[in-house]
Structures are given as structure tokens and as C-alpha cells.
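Worksheet: the structure to be examined is printed underneath.
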Amino acid sequence: MAHHHVTSADIAINGDHLEPSKVSKVKTIAAIIAAIGTVVSLYLLFFGPEKIQGTYAYSWLFAFYFFLTLSIGGCFWTLLHNVSNSGWGTSVRRTYENLGSTYPWMFLFGLPLFCPHVQHFLYEWMNVHRGAHGGDVKEHLHHVNHLLLNKHWFMNIPFWYGRVAFYFIGLSLVIIGLRKLSTDQDTDPNPGTKRLFRARFHSTYTLIIFALTITFTGFDFMMGLDYTWFSTMWGVYLFAGAALNSMAVIVIVCTWLKSQGHLKHVTGPEHFHIMGKLMLAFTIFWAYVSFSQFFLIWYAGITEETRYFLIRNTGNWNIAMIALVFGHFVVPFVVLLQAWLKRNPKTLAIVAVYTLCMHVLDHYLISIPERGVSLGNINRAVFGDIQVSIPGAFWGDIFAFVTIGSAFLFFLLRAIGQHSLYPCRDPRILESANHSN
Amino acid sequence: MSTTRKRVYGYLAEFKNASQLYKAAEKVRDAGFKKWDCYSPYPIHGLDGAMGMKRSILPWFVFFGGMTGTATAFSLAYSTQVIIYPTIVQAKPTNIFTIPAYFPIMFELTVLFSGFTVLFGLLALIQLPRLNHPLFASKQFHRATDDGFFIAIEARDPQFSPNQTRDLLAEIGGKNIELVEEED
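Encoded structure:
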């Protein structure tokens, strides 16, 4: 073999820890930006001028859900690693867990969206429900909106809050439990296979919790923006983007750690090659699912389904949608076909950054085009007529993105610094380190 | 008296197991041989690296094969639906903006052409099918499909020499070294 065969002598017995001073500055800056941004955002959402309250609610939702997909993706890779009994991924598994462990924190940034004051601008179906003013909601819906009456079994406010509580508690417990199982092994004087098997067992049924979370957060936070529209591909579409881009984050984190001299013997070109292949696979999967969704709606041309794409192909949104086809699929597909590129951490990290930019565009197109339409419907006097986009509102999008993005960076770095950077006493760490594909 | 002429194909040497074969392959590679090959009953992980084999050119064939498929499908769909026989289906336009309807065809023909290029490109590169191989003249070679691990160094390699190559194979652990000759 050309490269050095890794033996237990190469594995740091107490793990490979990140020097806290290396990131303390970045962490502090990120925390300050996130704290100031959150305070300003709360002010804008609850006490700002009504026009800003309305437009900024969409900005916050966009930024919140964007970073939530990355955290959920981290949970997904952890679960998939355990349940597929994967040998190659042991040396990068800690990064999956660290990314996944940001999930409870990122979910907390959704708290403003649980207040009726903010929901008023986002979810019109709730406004119709609340129009009952404490009376019988079904009776009210029967008179004012029959479509919502038919959807009442799923789209009702108590159930909505119940589901949101489930997303938060369910997946948080899953990732906290799995991460603890994994990190406890690092300090165990007699590390065995017990935790490996337990993680594998508990990852089987909790994968269902993950699937429900990515699907129905998508339904409740995103599809619910327009209660008349529905797509059964929606959950899969969001999952494809989440899996692809959380892998991109993992690649960036691993490349950075390697450049700092960590993960030295345990990861190499082979691991980046596999992560690159997974990115390629999910680029294709994303394109396949999003095209299927578009194609079926376009071909059938049924009024209640075409709304989503009509809004997103009106005005300049159309250019962005076409840009997404090339930028999110054609370019990364052709680029990621090359093996040498996937085996080099630096080039793969550049592609990962690019993929994340496309993920921003994708999620911008998911959440923002609805803004001009919904707000015009809700209050014409304040927001003006229904329009393609509300001028100047994108500054709020950038601000919300930077705020939640800084918080994401802070919690990710915090998680990375807490434990060894790879599971140093995992029974399969040597198998993973010596993997060749 | 038989007048059959024989031509030397090369040396065939047997090795004890996969790990011996792997180590021997590295040494043959380092000795600078180019025309040689390993034979084993099952695939050995990383043997291509030990043999110093270059990456196959096949992916490039497949890439351009697939591109040809995409282009063929697009031309086929576009020429029939837009140029030759425009048909309005479900109020969809009969111009380039019907392109989503071509995507399934473009996808399928990309896969089909790529698949064909993989199959026929591979067969061409490994020169199959062929009726015979000089190594079949060896009595022991049939064990390569059962429990034998072999290295064969061909006589057409510029480094080949009747004595030194035999010594090299013996030195790196080769057993039952045999000069394989094919009938001309």
C-alpha cells in the first residue's frame, strides 16, 4: 500500500482535542453578532413598524429553516452511519454528531414563529381559524372556508403546536442520546462493542422520528405558507437538500480540522472521496426529486397545484428558478464527477461552499416569493397591492441570515470543542482509518 | 518430426496466497515492468495500486457517450415535437419551452448510451471476446480460478530477460516458475 498503515499506536489514547484558544475569538465574535442580531430581530418582529414586522417574519423563517435543514442533516448522517453499520465513517462520525447536536439550539430560533403575532403574517390559515374568536372553529370554517374545513383534521392550531413540540423534543433526544453514547466511549477505560451495538439498535426506530421531522417541519413551516397548495414530494425535496448540504458542512469542517493538523492519521483522501461521492449522489437525488415535483405539476396543470410554480416563475423569480437548475444541478454534477477533485480536501471544500450557496438560493426561493403575495392579501393598506417582491425587504433577509448563521457557527464550534474530534476508542476506528475504496 | 514453431509468451509464477501476491506485485512494479499481470481467484483490494496501474480511460468514454445520449434525445424530441410535427398536448407550447417534457427522454438516453459505452468500451479495452489466451498453454494456470495466485511477466516487456526475470520471480517468492510458450 502506498500510504502508511494506521495502527493503534497512531491513535491518540485520550483523543484529538481542538485547542480552545484557536477558535475562542471566532466563537466570541459569532456569539456577539448572534446576540445583538437576535435582540434587534425580536424588536423588529414584535415592536417594529408593521411593514417591517410583516416582511421580517419571512426573513426570519427563511434563515431559521435554512440552518435547521443543516442540523437535521447532521442527525440524518449520524443515524445513517449507525444503522448501516458503516465502517468507513467512524473517523468522521464525531463531526456528524457535532453538526446534529446543533439541532435543539437551532430549533429555539424558531420560537418567534410560535407566537400568534408573527404567525399572523406567515400562516393565513391560522388567521382564518383564529377568526372564530374562541367559538366553534369547525362551525366557523364551515361558513367561511370549506377547504380549511376539510383540512381541519391536520391543519388546526392545537395539533400544530403539538407537532412542533414533537419535532423539538423527539429529534433533540435522539441526537443528544446518540452523541452521549458516542462521546462516553472516549473516556471509557474498557471500551467495548456494547455502545456500538446500542447505537445501531436505537438508530433504527429513531430514523422514523428523523423522517417525520424533516417531512413535517417542511409541511408545517414551509408548505403552510400557502394553505391551498400541496405537494407529496415536498418532504423528500427538503430532505434531499438537507442531506446534500449538511454533508457539505461536514466536508468543510473536516477540511478545516485537517488544515489545523487534526484528524491526522484517521482521515485521508479515501474518506473525502466517499463524502464527495455522497455529495454527488445527493446532487443527483435533489435534481431528480425537484424535477419530478415540477414535472408532475407542470404536466397536469391542475389549478390548485400550479400556484407554487406560478409565483416562482413570475417576474425575476423566473431567472432565479432557471439559475437553480444549472447552479444546483448541472454545474455541481459535472464538477463532482471527477475523482481527483473528491480526493483532495481543499477542492472538495470549495465545491461544498459553492453547494451551500446554491442551498441558500434554493431556500430563498422556497420561502421568500410567497411574501409579496401573502402580505398583499393580509393588509393591502400597509403592504401595498399583491406584488412579485417587496422592495427593500431583502436587507432583512440578509440580517436574519447573518444573525442565525452566527448562532449556528457558534453552536457548531462549541460542539466541536467539547469532545475528541474523532471517536478515539471506537472498536472500528482502525478499520475506518485504513479504509480504501 | 513435429515442425510446430513456438513463441515464448513469458514467465508464470505461483504465489502462496493473496498477501504474497500483493507484496510480489509491488516488487515487480518497482522493478519497472510494464507488460505483466496478476491472476487471482477473487478481487484483491488495492492490488491495482500495488501493480502501479494507471486510472482507466473508460470514464471519459462514458462521459462523452452519455453526452451523446443527451444530445440525441434532445434532437429527437425537439425535431419531432417542434419542427416536423408540432402537436399541442395539454395546452403546452410547441417550442423550446416544452423542454421539461424532453427531460425524461434525455435522462433515459443518457443512461442508455452511458451503459452501452461502459459495456462496449470495457470489452474493447480488455480485448474481449477472444478465443484463446497464451497462458492457457500452461498446465497449472487453470488453478487461477480456484486456489492459485499467479503473476505472469510477458516476454515483450522491454525489461524481460530469460535469466534475470526468472531470478526476480524466484527472489520475490514465486514457486513453480514456468516459461509459457504459445504455438505460433
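First to last, the sequence lines map onto chains A and B.
Here our numbering is used: the first residue of the first sequence is 554, the next is one more, and so on.
Here our numbering is used: the first residue of the second sequence is 961, the next is one more, and so on.
Beta carbons: idealized from backbone N, C-alpha and C, even for Gly.
These numbers come from a predicted model, not from an experiment.
Per-residue DSSP class, three states only, for residue i
{"i": "Val-884/A", "result": "helix"}
{"i": "Ile-903/A", "result": "helix"}
{"i": "Arg-967/A", "result": "helix"}
{"i": "Tyr-720/A", "result": "helix"}
{"i": "Asn-990/A", "result": "coil"}
{"i": "Phe-848/A", "result": "helix"}
{"i": "Tyr-982/B", "result": "helix"}
{"i": "Gly-794/A", "result": "helix"}
{"i": "Arg-860/A", "result": "helix"}
{"i": "Ile-566/A", "result": "coil"}
{"i": "Ile-1070/B", "result": "According to the sequence shown, residue 1070/B is Thr rather than Ile. In the structure shown, Thr-1070/B sits in a helix (DSSP, three-state: H, G or I)."}
{"i": "Ser-624/A", "result": "helix"}
{"i": "Gln-604/A", "result": "It should be noted that the sequence gives Lys, not Gln, for residue 604/A. In the structure shown, Lys-604/A sits in a helix (DSSP, three-state: H, G or I)."}
{"i": "Glu-572/A", "result": "coil"}
{"i": "Asn-866/A", "result": "coil"}
{"i": "Ser-812/A", "result": "helix"}
{"i": "Leu-666/A", "result": "helix"}
{"i": "Gly-653/A", "result": "helix"}
{"i": "Thr-746/A", "result": "coil"}
{"i": "Val-559/A", "result": "coil"}
{"i": "Arg-981/A", "result": "coil"}
{"i": "Gln-891/A", "result": "coil"}
{"i": "Lys-830/A", "result": "helix"}
{"i": "Met-554/A", "result": "Interpretation of Met-554/A is limited by its pLDDT of 41, a score under 50 that renders its predicted location unreliable; the figure taken from the coordinates is listed afterwards. The answer is coil: DSSP assigns Met-554/A none of H, G, I, E or B."}
{"i": "Gly-684/A", "result": "coil"}
{"i": "Gly-945/A", "result": "coil"}
{"i": "Thr-740/A", "result": "helix"}
{"i": "Leu-1036/B", "result": "helix"}
{"i": "Ile-957/A", "result": "helix"}
Identity of the residues DSSP links to residue i by a beta bridge
{"i": "Asp-997/B", "result": "Ala-1112/B"}
{"i": "Glu-1141/B", "result": "Val-968/B"}
{"i": "Lys-1135/B", "result": "Glu-974/B"}
8 Å Cβ shell around residue i - same chain, five flanking residues per side excluded
{"i": "Lys-700/A", "result": "Here residue 700/A turns out to be Leu, not Lys, going by the sequence shown. Closer than 8 Å at Cβ, skipping near neighbours: Tyr-780 and Thr-781."}
{"i": "Leu-1085/B", "result": "Ser-1016, Ile-1017 and Leu-1018"}
{"i": "Ala-555/A", "result": "Unreliable positioning characterises Ala-555/A in this predicted model, as indicated by a pLDDT of 45, which lies under 50. A coordinate reading is not provided."}
{"i": "Ile-982/A", "result": "Ile-564, Thr-643, Ser-644, Val-819, Tyr-975 and Pro-976"}
{"i": "Ser-845/A", "result": "Met-786"}
{"i": "Thr-1105/B", "result": "Pro-1001"}
{"i": "Trp-851/A", "result": "Thr-859 and Phe-862"}
{"i": "Gly-794/A", "result": "Thr-622, Trp-839, His-912, Asp-915 and His-916"}
{"i": "Ile-1052/B", "result": "Here residue 1052/B turns out to be Lys, not Ile, going by the sequence shown. Result list for Lys-1052/B: Thr-1058 and Ala-1061, in chain order."}
{"i": "Ile-729/A", "result": "Ser-654 and Pro-657"}
{"i": "Thr-1054/B", "result": "Gln-1041, Val-1042, Pro-1046, Thr-1047 and Ile-1048"}
Sequence-distant residues of the same chain with beta carbon closer than 7 Å to residue i, five excluded per side
{"i": "Ala-796/A", "result": "Gly-626, Phe-629 and Phe-835"}
{"i": "Phe-993/B", "result": "Ile-1113, Asp-1117 and Gln-1119"}
{"i": "Gln-813/A", "result": "Lys-575"}
{"i": "Pro-738/A", "result": "First, the amino acid is wrong: residue 738/A is Gln here, not Pro. Around Gln-738/A: Pro-744, Arg-748, Pro-976, Arg-978 and Asp-979."}
{"i": "Gly-970/A", "result": "Leu-571, Pro-573 and Val-576"}
{"i": "Ala-801/A", "result": "Met-832, Ala-905, Thr-908 and Leu-909"}
Contacts around residue i, its chain only, beta-carbon distance under 6 Å, and the 5 residues preceding and following it disregarded
{"i": "Thr-1077/B", "result": "Phe-1021, Val-1022 and Gly-1025"}
{"i": "Ser-1074/B", "result": "Val-1022, Gly-1025 and Gly-1026"}
Below-7 Å beta-carbon distance, residue i vs any chain C residue
{"i": "Gly-1006/B", "result": "The displayed structure is made up of protein chains A and B, and chain C is not among them."}
May I ask you to list, following chain order, the residues of the region 840-868 of chain A that have a beta carbon less than 9 Å from some beta carbon of chain B? Tyr-841, Phe-844, Phe-847, Phe-848, Trp-851, Tyr-852, Ala-853 and Gly-854
When you compare the region 687-705 of chain A with the region 637-649 of chain A, are there three or more beta-carbon pairs, one atom per stretch, that lie closer than 8 Å? Output reads no: the region 637-649 of chain A does not touch the region 687-705 of chain A.
Residues of the region 912-932 of chain A with Cβ closer than 9 Å to any Cβ of chain B, in chain order: none
Would you call the region 655-664 of chain A and the region 970-982 of chain B touching, i.e. three or more CB-CB distances under 8 Å? no
For the structure I just gave you, are there three or more beta carbon pairs, one from the region 893-905 of chain A and one from the region 835-847 of chain A, closer than 8 Å? Result no; under three Cβ-Cβ pairs closer than 8 Å.
Give me the subset of the region 984-1004 of chain B whose CB atoms are less than 7 Å from a CB atom of chain A, sorted by chain position. none
For the pair the region 1037-1046 of chain B and the region 1000-1009 of chain B, tell me if three or more CB-CB distances fall below 8 Å. no
Anything in the region 628-652 of chain A with a Cβ closer than 8 Å to a Cβ of chain B? List those residues in chain order, please. none
Taking contact to mean 3 or more Cβ pairs, one atom from each stretch, closer than 8 Å, check whether the region 649-657 of chain A and the region 958-971 of chain A are in contact. Yes: the two stretches touch, three or more of their Cβ pairs being nearer than 8 Å.
The region 703-712 of chain A / the region 672-683 of chain A touching (three or more Cβ pairs under 8 Å): yes
Contact between the region 615-625 of chain A and the region 949-959 of chain A (3+ Cβ pairs under 8 Å): yes
Does the structure place the region 871-882 of chain A close enough to the region 822-833 of chain A that three or more beta carbon pairs sit under 8 Å? no
Under 8 Å, CB to CB, which of the residues in the region 876-892 of chain A have a partner in chain B? Leu-890 and Ala-892
Any 3 or more C-beta pairs closer than 8 Å across the region 980-991 of chain B and the region 1122-1135 of chain B: Yes, the region 980-991 of chain B touches the region 1122-1135 of chain B.
Just by C-beta distance, which residues in the region 1051-1065 of chain B are closer than 9 Å to chain A? Against chain A - using a Cβ distance shorter than 9 Å - the residues of the region 1051-1065 of chain B are Ala-1051, Lys-1052, Pro-1060, Ala-1061, Phe-1063 and Pro-1064.
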